[in-house]
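Read the structure below first, then the notes.
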Amino acid sequence: MKKNLLFLLLIAFFSVLVLAACGTSDEETNGSGGSEDAEQTSDETEGEATKDGVYQIGATQIVEHPSLDAAYDGFQAAIEEAGLNVEYDFQSAQGDQNNTATIANNFVADGVDLIFANSTPSAQSALQATSDIPILFTSVTDAVEGGLVESLDQPGENITGVLDLHPDAIKNTVNFINQYFEGSTVGLIYNAGEANSVAQIEAVNAAVEGTSLSTVEATVSNSSEVQQATTSLVGNADIFYVITDNTVVSALETVVNVAEDQSIPLVVGEPDSVKRGGFATYGIDYYTIGYRTGEMAVEILTGEKTTADIPVEVPPSMQLFINKEAAEAQGVEWNSNWDAEAELLETEESE
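Just so we're aligned: the sequence shown equals residues -20 to -1, 1 to 331 in mature numbering (1 follows the signal peptide of the UniProt record, and there is no 0).
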C-alpha cells in the first residue's frame, strides 16, 4: 500500500515537471514568434515608406522677385511632370546673405534629400553646410568665380546646376547700347557684396573697352539703398544698366521711377525686369532654366545620375526684349529696327 502510494506520488511529481517544461517551451516559442512578427512589421513599415517615395527638398532663395520666382516655378513644374512625390520647404533669406547660412544649416539638420539653391549666395551657403546632400543651383551667373565648382564640365561631388547668364548676353547688351546710344556714360547699380554681381560688372567694364561708352558705378548693400544710389547717378549717367543683381532687382520699381522722372533709358538684365518697366535687355527665360534644373533633380532623386555626372549648363538661347511703353516713358526715341529685332513686351501692373 505504501509502495503504491509512493509510486503514485512519483508519477504525479514527474507529470508536473513535464507540464512545466512544456509550458516554458510554449512561452519561449510564442515569445520568439512575437519578436519575429515585430521585426516583420518594422520591415514592412520601412518598405512602405520607401514605396511611398516622398522626397524632401529644401528650396533656398536669397530674395523673392519675379525672375527668381519664375525659376522656382519651373523647377517645381519639371518635378511634378516627372510624377515624383515631393514635399518642399521653401525659405527666403529676405535679401540678407547672413540668413542663407541659417537656412542651409537647417536643411542639413532636417536631412532633406536635395537642396535647390536659387541664387549665388544661397548656393554658396548650401555648399558650406554640406558635402553630402545633393545641391542644384540656378540663377547663378559665374559658378567658378563664385567658388561653387572648379569647372563647368566637372562640377564636384554634390553640386551642379544651370547658369542664368548666356555667355554673350552682356557683350550683346553693351553693343546694343553702343549702337543706339553712342558716346553714353552707363550708370551701373549693384550690390558689391554679391559675387554674382561683381563678376557681371567686371564683364560689363571689359565689354565697354574699345567702344564709345564709359561707365560710372553706384553700390548698395540692401534694397533700401537702391533709390539713393540711383539718384546719385543722375547728372553723371546717360543711361542706366541694371544687371541681374538680386538686391537691385528686388527694388527695381525705384530705379524705374527715377528713370522715368529724369528721362534716362533703363537697360536691364532679364525679361521679367522689362515687364516691370525696364526698356530693353538681351535676356533669357528664368522659368526655362528652373525647369532644366528640375529635370536634373529628377535624375538625381531617382538614382539615374549623381551631381558629378551632370555638367553645369548655360542657357540655350537669348534674344532682345524691348518694352515700347517704357521706352516712351524714359524719353527713348523709337528705332524702326527694333520692330523686327526685338520681342516686344508690355509693362505688367505690380501687385
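All C-beta atoms in this analysis are idealised placements derived from N, C-alpha and C, irrespective of residue type, glycine included.
Going by the DSSP bridge assignment, what does Asn185 pair with across the sheet?
In the DSSP output, where bridge partners are listed per residue, Asn185 has none listed.
Report the option in Leu193, Ala239, Ser192 whose CA atom is closest to the CA atom of Gln208.
Selected option, being the one with the closest Cα: Ala239.
What runs of the beta strand (DSSP E), each 3 residues or longer, lie entirely inside the segment 185 to 222?
The qualifying runs are 194 to 200, 219 to 222.
So which of Leu246, Ile269, Tyr52, Met298 has the shortest CA-CA distance to Thr210?
For the residues Leu246, Ile269, Tyr52, Met298, the minimum Cα distance to Thr210 belongs to Leu246.
So what does DSSP say about Ala97, is it helix, strand or coil?
Three-state DSSP puts Ala97 in a strand.
Pull up the distance between the alpha-carbon of Ser72 and that of Gln41, whole angstroms please.
Whole-angstrom Cα-Cα distance: 5 Å.
Taking Cβ to Cβ, would you say Gln108 is nearer than 8 Å to Glu67?
Cβ atoms of Gln108 and Glu67: not closer than 8 Å.
Leaving out five residues before and five after Ile126 in sequence, what residues of the same chain have Cβ atoms less than 6 Å from its Cβ?
Sequence inspection shows Gly at residue 126; the Ile mentioned does not correspond to that position. Excluding residues within five positions, the ones whose Cβ falls inside 6 Å are Thr100, Ala175.
Could you work out which residue in Asp218, Gln159, Tyr170 is closest to Gly190 when comparing CA atoms only?
Of Asp218, Gln159, Tyr170, the residue nearest in Cα terms is Gln159.
Ala217 CB to nearest chain B CB: under 8 Å?
Protein chains in the displayed structure number just one, and chain B is not present.
To the nearest angstrom, report how far apart Val214 and Phe70 are at their CA atoms.
C-alpha separation (whole angstroms): 38 Å.
Run through DSSP, which three-state label would Asp289 get?
Looking at Asp289 - three-state DSSP - the assignment turns out to be helix.
What would DSSP say about Ala51, mapped onto helix, strand or coil?
Ala51: helix per DSSP, three-state reduction.
Which of the three DSSP states, helix, strand or coil, is assigned to Ser177?
Reduced to three states, the DSSP call for Ser177 is helix.
Since Gly112 and Ala179 should fall inside the 8 Å C-beta cutoff, what is the C-beta to C-beta distance between them, to a whole number of angstroms?
Here the sequence assigns Asp to residue 112, which means Gly is not the residue at that position. That belief does not hold up - the Cβ atoms of Asp112 and Ala179 are roughly 28 Å apart, past 8 Å.
What do you reckon, are the CB atoms on Thr199 and Ala172 nearer than 8 Å?
In this structure, Ala172 lies closer than 8 Å to Thr199 by Cβ.
Do you know whose CA, among Ile302, Ala277, Thr273, Ser297, lies nearest Gly257's CA?
Looking at the Cα atoms, Ile302 is the closest of the given residues.
Would you grab the beta carbon distance between Ser177 and Tyr170 for me? Rounded to a whole angstrom, and I think it's under 8 Å.
Rounded, the Cβ-Cβ distance is 4 Å, consistent with contact.
In chain order, what are the residue ranges of uninterrupted alpha helix (DSSP H) at least 4 long that sit wholly in the segment 62 to 108?
Those alpha helix (DSSP H) runs which fall completely within the segment 62 to 108 and span 4+ residues are 77 to 90.
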